[in-house]
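Right, one structure below, let's go through it.
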Amino acid sequence: MAESPLRILIVDDEAPARHRLRELLDDCAAVLPIAIVGEAQHGREALDILHTASADLVLTDIHMPGMDGIELARHLLKLSHPPVVIFTTAFHQHALAAFEVHAVDYLVKPVRVQRLLAALQKVPRLKPMTIEKLTQLPAAARRFLSVTERSRVVLVPVDEVIYLKAELKYITIRTAQREYLLEESLTRLEQEFGARFVRVHRNCLVARDFIRGFERRANDDGDAHWEVLLHGIDESLPVSRRQQYIVREIGREAMNGAAAA
Amino acid sequence: MPDFRNLGAILRILIAVNGATLLAALAREPRLSMVGVEWAALTGVVEPHLFAELALLWLVQPWLARTKPQLSIAIVTLITCALAVAFNQLAPRFSGDVQGSLLRHIAFALVAQFLLIGYARLRSRALSPAITEARLQALQARIRPHFLFNSLTAVLSLVRSEPRRAEAALEDLADLFRVLMRDNRDLAPLADEVELCRQYLELEQLRLGDRLEIDWNVKSMPGDALVPPLVLQPLLENAVYHGIEPLTERGLLSINIFLSRDEVHAILKNPYVATGARHQVGNNMALDNIRERLALHFDAEASLESRITRDSWEVHIRMPYRTEKPASHGTRTTKPERHDNGNDRGTHMRRQSRSRALPAKTATRIEPWLNPPCAS
Numbered sequence: 001m002a003e004s005p006l007r008i009l010i011v012d013d014e015a016p017a018r019h020r021l022r023e024l025l026d027d028c029a030a031v032l033p034i035a036i037v038g039e040a041q042h043g044r045e046a047l048d049i050l051h052t053a054s055a056d057l058v059l060t061d062i063h064m065p066g067m068d069g070i071e072l073a074r075h076l077l078k079l080s081h082p083p084v085v086i087f088t089t090a091f092h093q094h095a096l097a098a099f100e101v102h103a104v105d106y107l108v109k110p111v112r113v114q115r116l117l118a119a120l121q122k123v124p125r126l127k128p129m130t131i132e133k134l135t136q137l138p139a140a141a142r143r144f145l146s147v148t149e150r151s152r153v154v155l156v157p158v159d160e161v162i163y164l165k166a167e168l169k170y171i172t173i174r175t176a177q178r179e180y181l182l183e184e185s186l187t188r189l190e191q192e193f194g195a196r197f198v199r200v201h202r203n204c205l206v207a208r209d210f211i212r213g214f215e216r217r218a219n220d221d222g223d224a225h226w227e228v229l230l231h232g233i234d235e236s237l238p239v240s241r242r243q244q245y246i247v248r249e250i251g252r253e254a255m256n257g258a259a260a261a
Numbered sequence: 001m002p003d004f005r006n007l008g009a010i011l012r013i014l015i016a017v018n019g020a021t022l023l024a025a026l027a028r029e030p031r032l033s034m035v036g037v038e039w040a041a042l043t044g045v046v047e048p049h050l051f052a053e054l055a056l057l058w059l060v061q062p063w064l065a066r067t068k069p070q071l072s073i074a075i076v077t078l079i080t081c082a083l084a085v086a087f088n089q090l091a092p093r094f095s096g097d098v099q100g101s102l103l104r105h106i107a108f109a110l111v112a113q114f115l116l117i118g119y120a121r122l123r124s125r126a127l128s129p130a131i132t133e134a135r136l137q138a139l140q141a142r143i144r145p146h147f148l149f150n151s152l153t154a155v156l157s158l159v160r161s162e163p164r165r166a167e168a169a170l171e172d173l174a175d176l177f178r179v180l181m182r183d184n185r186d187l188a189p190l191a192d193e194v195e196l197c198r199q200y201l202e203l204e205q206l207r208l209g210d211r212l213e214i215d216w217n218v219k220s221m222p223g224d225a226l227v228p229p230l231v232l233q234p235l236l237e238n239a240v241y242h243g244i245e246p247l248t249e250r251g252l253l254s255i256n257i258f259l260s261r262d263e264v265h266a267i268l269k270n271p272y273v274a275t276g277a278r279h280q281v282g283n284n285m286a287l288d289n290i291r292e293r294l295a296l297h298f299d300a301e302a303s304l305e306s307r308i309t310r311d312s313w314e315v316h317i318r319m320p321y322r323t324e325k326p327a328s329h330g331t332r333t334t335k336p337e338r339h340d341n342g343n344d345r346g347t348h349m350r351r352q353s354r355s356r357a358l359p360a361k362t363a364t365r366i367e368p369w370l371n372p373p374c375a376s
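Chains as they are written, first to last, in the numbering used here: chain A, 1 to 261; chain B, 1 to 376.
The following block contains the structure:
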């Protein structure tokens, strides 16, 4: 056949839903050349599959354990050829209002074969979603940060991040094991993970869970400043003059925590 | 506190105070022919105060409605006393009568005031269950659409490959919605509720496969105990939504129902995953709904407690063991409904008889669901 088949990845945590989608895609195959490249139970599995296979379209559920559909869509953008994403969801109208507003493609479950076919025929004309669109959708904070390394998408669990530091164009992600380079804005990250990280410096967010303590250090000019000591790594980070108040704030929280326990 | 701008409330106050004045006149005057004169004399004292007070209360009503009940009672009392003093001082000047005892005037006015407030309270208490019930019914009908549409998708996935299982699943879904949509104000046997829970969980297992593991412990359950309908199912729905679905691996849902010292206990336990606040909201709404209904039916004899341990969420319901329906409830509300669909009674009776010998029979019914639907 002259036309190359549309390569599709199915992502849903419920086996019957994946099974149903496969049946419907088989029906569509009579009209449109289709190749199903795989099935995944959640976002992480989908990314694993896409390391070895490539897809033109990802049909993904939204509500999934591990990694939900919206977060998956964000990480997919880091692939060298990001696939088109169409969400499948049992959400009701109200929850989908944001999808309508931002013209995000979705199919409601139970999916009708005609709708599915119409969506598939549209795919070649669709462009991958933009990050701006995705960040507008009502989603929980991501569980992973994703970085591209040698054309692979590497997931860094947010729980393991010790600090995020802006340097020139990039942000350095530091975990206990190593560093990664991320291309995102520190302000955006602060908005998304504000509960988890605290800003110690204009260019640095530190995970509260990894703060071991603070230390007063003398500067060369005779002044002194605070340094954050961290769990898991031997480095310490300077606290800027403007952010000095967090030293007392976190100290008080720690004392209250100790008193409560 | 009554609404002093409500015509009904004003009318009730007027009738009550004038009635009380008539009674007082009857008590004071032994000659029946003279009662009218005595009443007129009394109303001459009572009415100016009454009208002035109603007018004042009408003015402050919007403000009273916003303050705390204790404070508003204090304010009304203050108004009553002030008016009593005012009219007691003024009355002789206008009518030329002798000045009555101030203490007596205040005492009568306050007694009337507190009796009326007490009456208003009793009345609102008698009416509130109807309001609460209406709200509860609205809430009950709101099973998560998420569940319905995902279940329908699961059933559709079976239609071609396993039509018989699809049929059974649709029947379960029909039964579940029959119960959700009927009038659920009357108590119903616990065995019915447990049967409903089984059907519900069968549907969830169809969807989630072996991610959902269920441990039923209901052998010593008193099936004939009367409980509020849908007292357990919403909790199980919560348990699946908040406890099982967020897990990538399998999760255990345990249900333990037993009789102890003439009380029915139901303990539900599911894994707990600390996620966002969004989940918590839905969960509390269901708990509040059930707690209110328990209070409505059993008052202080029932309770619902929930607690979170390190990795599990536990709900403990305690209800009195009752097997007879209270007479006051029901006949009024259920008759028309039963009349409309005579069918409902049929299934209701059948399910009841089937669930008497519950554990063994339903266990065999569950069997086909134990295997997750094949994904290939």
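Backbone N, C-alpha and C define an ideal beta-carbon position, used for all residues, glycine too.
Pairwise C-alpha distance: residue j and residue i
i        : j        : result
B/ARG332 : B/LEU230 : With a pLDDT of only 38 at B/ARG332, under 50, the local geometry of the prediction cannot be trusted, and the value read off the model is given with reservation. Rounded to the nearest angstrom, the two C-alpha atoms are 21 Å apart.
B/GLU29  : B/ALA20  : 14 Å
B/ALA91  : B/ALA286 : 59 Å
A/ARG112 : A/LYS78  : 31 Å
B/GLU337 : B/TYR321 : The predicted position of B/GLU337 is uncertain, since its pLDDT is 38 and thus under 50; a value taken from the coordinates is nonetheless stated next. Cα to Cα, the separation comes out at about 27 Å.
B/ALA295 : A/PHE87  : 43 Å
A/GLU249 : A/GLU227 : 15 Å
B/PRO246 : A/ASP209 : 23 Å
B/THR248 : A/ILE49  : 17 Å
B/GLY36  : B/ALA25  : 8 Å
B/PRO48  : B/ALA16  : 15 Å
B/PRO62  : A/ALA118 : 58 Å
B/ILE317 : B/ARG291 : 9 Å
A/GLY257 : A/GLY194 : 20 Å
B/ASP340 : B/ASP186 : The predicted position of B/ASP340 is uncertain, since its pLDDT is 38 and thus under 50; a value taken from the coordinates is nonetheless stated next. Straight-line Cα distance between these residues: approximately 17 Å.
A/ARG241 : A/LEU205 : 15 Å
Residue i, buried or exposed, once every other Cβ within 10 Å from all chains shown has been counted against 16
i        : result
B/ALA277 : Low local confidence applies: a pLDDT of 43 at B/ALA277 is under 50, so the model's placement there is unreliable, and no value is given.
B/VAL284 : The sequence shown places Asn at residue 284 of chain B, rather than the Val named in the question. With fewer than 16 Cβ atoms within 10 Å of its Cβ, B/ASN284 is classed as exposed.
A/LYS109 : buried
A/ALA15  : buried
B/SER151 : buried
A/TYR245 : exposed
B/ARG207 : buried
B/GLU305 : exposed
B/GLU195 : buried
B/TRP216 : buried
B/SER355 : The predicted model places B/SER355 with a pLDDT of 38, which falls under 50 and marks its position as unreliable, so this point remains unresolved.
A/GLY222 : exposed
A/MET255 : exposed
A/THR266 : This structure gives no information on residue 266 of chain A, because the portion of chain A shown stretches from 1 to 261.
B/ASN184 : buried
B/HIS329 : For B/HIS329, the pLDDT reaches just 42, beneath the cut-off of 50, and the residue's location in the model is therefore unreliable, leaving the point undetermined.
Option nearest residue i by Cα separation, candidates the options
i        : options                               : result
A/GLU179 : A/GLU235, A/LEU96, A/LEU79, A/ARG112  : A/GLU235
B/GLU162 : A/HIS19, A/ALA140, A/ARG74, A/PHE197  : A/HIS19
B/ILE106 : B/LEU122, B/ARG123, B/VAL85, B/GLN89  : B/VAL85
B/ALA52  : B/THR67, B/ALA41, B/PHE4              : B/PHE4
B/GLU193 : B/VAL179, B/MET1, B/GLY118            : B/VAL179
B/ALA40  : B/ALA55, B/LEU23, B/VAL155, B/PHE108  : B/LEU23
A/ALA218 : A/VAL200, A/PRO238, A/ILE233          : A/PRO238
A/ALA176 : A/THR187, A/ALA207, A/ILE36           : A/ALA207
B/GLN113 : B/GLN89, B/LEU83, B/ALA126            : B/LEU83
A/ALA139 : A/GLU71, A/PRO33, A/GLN41             : A/GLU71
A/PRO157 : A/ALA141, A/GLU167, A/LEU116          : A/ALA141
B/GLY8   : B/CYS81, B/ALA120, B/ARG31, B/ALA27   : B/ALA120
B/TRP313 : B/LYS269, B/PHE149, B/VAL76           : B/LYS269
B/SER101 : B/ASP210, B/ALA169, B/VAL45           : B/VAL45
B/GLN199 : B/ASP175, B/VAL60, B/PRO145, B/HIS297 : B/ASP175
B/PHE108 : B/ARG66, B/ASP224, B/ASN18, B/ARG182  : B/ASN18
According to DSSP, residues forming a beta bridge with residue i
i        : result
A/MET64  : Bridge partners of A/MET64: none, in fact.
B/ASN284 : Partner(s): none; B/ASN284 has no beta bridge.
A/PRO238 : A/GLU227
B/TRP313 : B/ASN270, B/ILE308
B/MET319 : B/VAL264
A/VAL84  : A/LEU57
Ignoring anything shorter than 4 residues or poking outside the segment 181-226 of chain A, list the alpha helix (DSSP H) runs there in chain order. 186-192
Whole runs of the alpha helix (DSSP H) within the segment 108-164 of chain A, excluding any shorter than 4 residues: 113-122, 131-136
In chain order, each alpha helix (DSSP H) run of at least 4 residues that lies wholly inside the segment 149-220 of chain B: 163-181, 190-208
Which runs of the beta strand (DSSP E) spanning at least 3 residues fall entirely within the segment 49-103 of chain B, listed in chain order? none
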